[in-house]
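Each step along the sequence shown adds one to the number in the working numbering, with nothing skipped, and position 158 is 454.
Glycine residues also receive a C-beta, built at the ideal position from the N, C-alpha and C atoms.
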Amino acid sequence: LSLLLSLLVPAQPNRSPDCGGILTPSGLSYFAEVSKPHTEAVLRQQLVADSDLFASSSKPSRIQVSSVNVSRLALSLVPHAGLRLSIDADLGISSAPPASKVVKKLSILADLHVEMNLEGNMELATSFCKPTLEGTGSSTEEVESNSSSAELDKEINVDKICLEVAKLLLSPNERLFSLTTQFPVTPSCQVQYVPLAVPMFSEQGIIISLQTTFQVAGIPIPLPVSPVPFSMPEPASSSPSHLTLAFSEHFYTSLFFALEIAGAFNMTLLSPLTTNTLAQKIPQMGSLFQEDVPVVLQAVFRSSPRVELEEGRAALKLFLIIHVGAGPAAFQSFLSVSMDMSAELLLSVVDTKMKISAATTEGAELSLAASDVGSV
297 LSLLLSLLVP
307 AQPNRSPDCG
317 GILTPSGLSY
327 FAEVSKPHTE
337 AVLRQQLVAD
347 SDLFASSSKP
357 SRIQVSSVNV
367 SRLALSLVPH
377 AGLRLSIDAD
387 LGISSAPPAS
397 KVVKKLSILA
407 DLHVEMNLEG
417 NMELATSFCK
427 PTLEGTGSST
437 EEVESNSSSA
447 ELDKEINVDK
457 ICLEVAKLLL
467 SPNERLFSLT
477 TQFPVTPSCQ
487 VQYVPLAVPM
497 FSEQGIIISL
507 QTTFQVAGIP
517 IPLPVSPVPF
527 SMPEPASSSP
537 SHLTLAFSEH
547 FYTSLFFALE
557 IAGAFNMTLL
567 SPLTTNTLAQ
577 KIPQMGSLFQ
587 EDVPVVLQAV
597 FRSSPRVELE
607 EGRAALKLFL
617 IIHVGAGPAA
627 FQSFLSVSMD
637 MSAELLLSVV
647 DTKMKISAAT
657 TEGAELSLAA
667 SDVGSV
């Protein structure tokens, strides 16, 4: 199988998207809200541990951060450019020897964009960063506070805080990198989503187009070129969804073609009938099988499945051939039946995984394909 698949792999695969997604502004706001605890933990770890954050060039710093509390984190879209990150955090700052403790409001404004690295992965990076620090109050006497605050304003190195913003991007970049890893569909079949370009940023959200590749037994599956170019649909302005996913008809057809190659739909069913039982109705069975052995059903595709997308539904058409035979050890077919059936594809999300299921919508059409026992 591996040798056959390797011979079928095209030298220059067609690079065109067949699926994609849109992260809406409401989804971006939700992501920012759930990211606040992680952002606070990263800033606390880095700012409290950084003894050089307030160091001047002439003398070592006597000031250190003792607490960090992120009060606001926002992400907004900058059409045709990227994202704007805004962070407000209250820093508890102490001097040494401990004469006073002041609270400073740290505001970070940063512009983010997405790049494609040499490995073909998307990566978030900063193109602009501006931190500012403002005093909000003190826990000691006002005179002491003003003196300490003036000293603090003189010594703080706010530019160094921008280096910490890059560390905030490590976690989302890991998730972007994981997008191009192979995801298992079956034990022998994997799917990989490949970004063909950096995402588009618009008022509707972050739009990304992807090309899927399928592998069976570690060998890429050559897929037919989509006859219809795929483009992301316009998101509904009134939709409350955080994320919109779009899959083309070509994606579904490629998925089921890969599953066909992997043998995912090949089934062997043991029937309660035996050859002696059938011989009572079909006399020719006695001459084919001298021993009483179980009757076995084997179902395989006789042609590739086809998916048709319609308004509000997706129809799956299966073209099977069912071999009726005997002997699970050395299968011998004596009857073959062609079966055409239609099913409706159903998509659901469980936790963070999307699942595809099928529900039969019409009765199956059966026709005799071959028989070694005469007419049935």
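Taking every protein chain shown into account, the CB of Leu-459 has fewer than 16 other CB atoms within 10 angstroms, so this residue is exposed.
Ranked by Cα distance from Phe-510, the options Pro-518, Ile-503, Leu-405 are led by Pro-518. Residue pairing for His-538: DSSP places it in no beta bridge. Cβ-Cβ separation between Ala-513 and Ser-484: approximately 6 Å, consistent with a contact (criterion under 8 Å).
Non-local beta-carbon contacts of Glu-411 in its own chain, meaning distances under 6 Å to residues more than five positions away in sequence, involve Glu-419, Ala-421 in chain order. Counting of Cβ neighbours within 10 angstroms places Gly-378 among the buried residues, the total reaching 16 or more. Restricting attention to Leu-402, Asp-647, Ala-554, the CA atom closest to the CA of Thr-508 is found in Ala-554. Taking C-beta separations shorter than 6 Å and ignoring five residues to either side along the sequence, the partners of Leu-405 in its chain run Ser-382, Lys-426, following chain order.
Within the same chain, and ignoring the five residues on either side of Ser-644 in sequence, the residues whose Cβ sits closer than 6 Å to its Cβ are Lys-651. Selection Asn-417, Ala-493, Ala-462 evaluated against Arg-471 yields Asn-417 as nearest (Cα-Cα).
By the Cβ neighbour-count rule, Ala-626 is exposed, with fewer than 16 other Cβ atoms within 10 Å of its own. As DSSP reads the structure, Glu-545 sits in no beta bridge.
A distance below 6 Å between beta-carbons, with the five flanking residues on each side excluded, links Gly-623 to the following residues of its chain, in chain order: Val-589. By the criterion of at least three beta-carbon pairs nearer than 8 Å, the stretch 609-621 is not in contact with the stretch 579-587.
If you draw a straight line from the Cα of Gln-594 to the Cα of Pro-525, it is about 38 Å long. Assignment of Leu-492 by DSSP, reduced to helix, strand and coil, places it in the coil class. Each of Ile-457, Ser-599, Leu-465, Gln-360 was checked against the Cα of Ser-391, and the nearest Cα belongs to Gln-360. With respect to Ser-498, Leu-408 sits apart: the two C-beta atoms are not nearer than 9 Å. The beta carbon of Val-344 sits closer than 6 Å to the beta carbons of Val-361 from its chain, once the five residues preceding and following it are set aside; these are given in chain order. Between the alpha carbons of Gln-478 and Pro-491 lies a distance of about 13 Å. Counting along the chain, Ala-462 sits inside the alpha helix (DSSP H) bounded by residues 457-464. Assigned with DSSP and collapsed to three states, Ser-583 falls in helix. Residue burial is scored here from C-beta neighbours: Lys-649 has fewer than 16 other C-beta atoms within 10 angstroms and is therefore classed as exposed.
The beta-carbon separation of Gly-317 and Ile-515, rounded to 27 Å, does not stay under the 8 Å limit for a contact. The shortest C-alpha to C-alpha distance from His-334 to any of Ser-467, Lys-401, Ile-389, Leu-605 is the one to Ser-467. Ranked by how close their Cα comes to the Cα of Leu-369, the residues Leu-539, Asn-562, Arg-380 have Arg-380 in first place. By the neighbour-count criterion, in which a residue is buried when 16 or more other Cβ atoms sit within 10 angstroms of its Cβ, Thr-656 is exposed. According to DSSP, His-619 shares a beta bridge with Gln-594, Ser-632. A Cβ-Cβ contact shorter than 9 Å links Ile-617 with Met-635. Between the C-alpha atoms of Pro-568 and Val-591 there is a straight-line separation of about 7 Å.
For Ser-423, no pairing in a beta bridge is given by DSSP. Where Pro-568 is concerned, the enclosing beta strand (DSSP E) starts and stops at 563-570. Between Leu-584 and Val-646, the C-beta spacing is not below 9 Å.
Distance from the CA of Leu-429 to the CA of Ile-389, rounded to the nearest whole angstrom, comes to 12 Å.
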